[in-house]
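Worksheet: the structure to be examined is printed underneath.
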Amino acid sequence: MLKNQKISTRQLTLGAMLTALVVVLQLVGSFIRLGPFSVSLVLIPIVVGAATCGPYIGAWLGLVFGVVVLASGDAAFFLQFNAPATIAVVLTKGIGAGFLAGLVYTALEKVNRYVAVVVSAVVCPLVNTGIFLIGCLLFFQEAVAVLAEGAGFTGSATAYMFVGLAGFNFLFELGFNLILSPVIVRLLNIRKKS
């Protein structure tokens, strides 16, 4: 019983620290723009939390990410077109990214921890961007068309969605995650052993 309490306390403590890190990184990241949106530096602590504390902490961190995106004004453009859909998409993409990264890590951890972290680091931005794109297709075609026209994009709104809105951000987030998430989890594992 005491062992489970230590694990729960450790997870709670790490989850709280990662929650604070998610808030700070999202606010700092809101100043780094690739195209019309800021980059999501917070996917790294989400992957780390999902890998070290499980999918529920990953989902929690994703929820915090979504709330900060909404509170910081990063989603203001979409809010003017469809506020309920914007809130649903922003929260769902964060929660889904964290939860699925945790599930993937849990499923692959027994095979190989390093592979589990790398695959989780891929899944997190993939789910985040995927849900964003699905949300754009379902709810924000008009908004995307306005953005495409404002950017002088000559192709379709859907093409702009993939190239202009999500393309560079996704590649940045994926690369950043692939480089840093495994390193951070490895450091946490070294710390746990000592």
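Going by this note's numbering, the sequence shown opens with residue 643, and the numbers climb by one from there. Each residue gets a CB set at the ideal place from its N, CA and C atoms; glycine is no exception.
- Boundaries (first-last residue) of the alpha helix (DSSP H) holding glycine 792: Membership of glycine 792 in the alpha helix (DSSP H) is indicated by the continuous run 783-792.
- Query: Under a Cβ-count criterion, where at least 16 other Cβ atoms within 10 Å of its own Cβ denotes burial, should proline 726 be classed as buried or exposed?
  - Reply: Within a 10 Å sphere around the beta-carbon of proline 726 sit fewer than 16 other beta-carbons, which makes this residue exposed.
- Where does serine 672 fall in DSSP's three states? Note: serine 672 maps to coil in three-state DSSP.
- Message: What does the alpha-carbon distance come out to for the pair leucine 816 and phenylalanine 774?
- Response: Going by C-alpha positions, leucine 816 is about 15 Å away from phenylalanine 774.
- Query: Does the distance from the CB of glycine 700 to the CB of alanine 743 come in under 8 Å?
  - Reply: With a cutoff of 8 Å on beta-carbon distance, glycine 700 and alanine 743 are scored as near each other.
- Just mark lysine 735 as buried or exposed, buried being the case when its beta carbon has 16 or more other beta carbons within 10 Å. In the assembly as shown, lysine 735 is a buried residue. Its beta-carbon has 16 or more other beta-carbons within 10 Å.
- Item | Option in Val670, Ala662, Val711 and Ser672 with minimal Cα separation from proline 687 | Nearest of Val670, Ala662, Val711 and Ser672 to proline 687, Cα basis: Ala662.
- Do you know offhand how far valine 805's Cα is from phenylalanine 818's? For valine 805 and phenylalanine 818, the distance between alpha carbons rounds to 19 Å.
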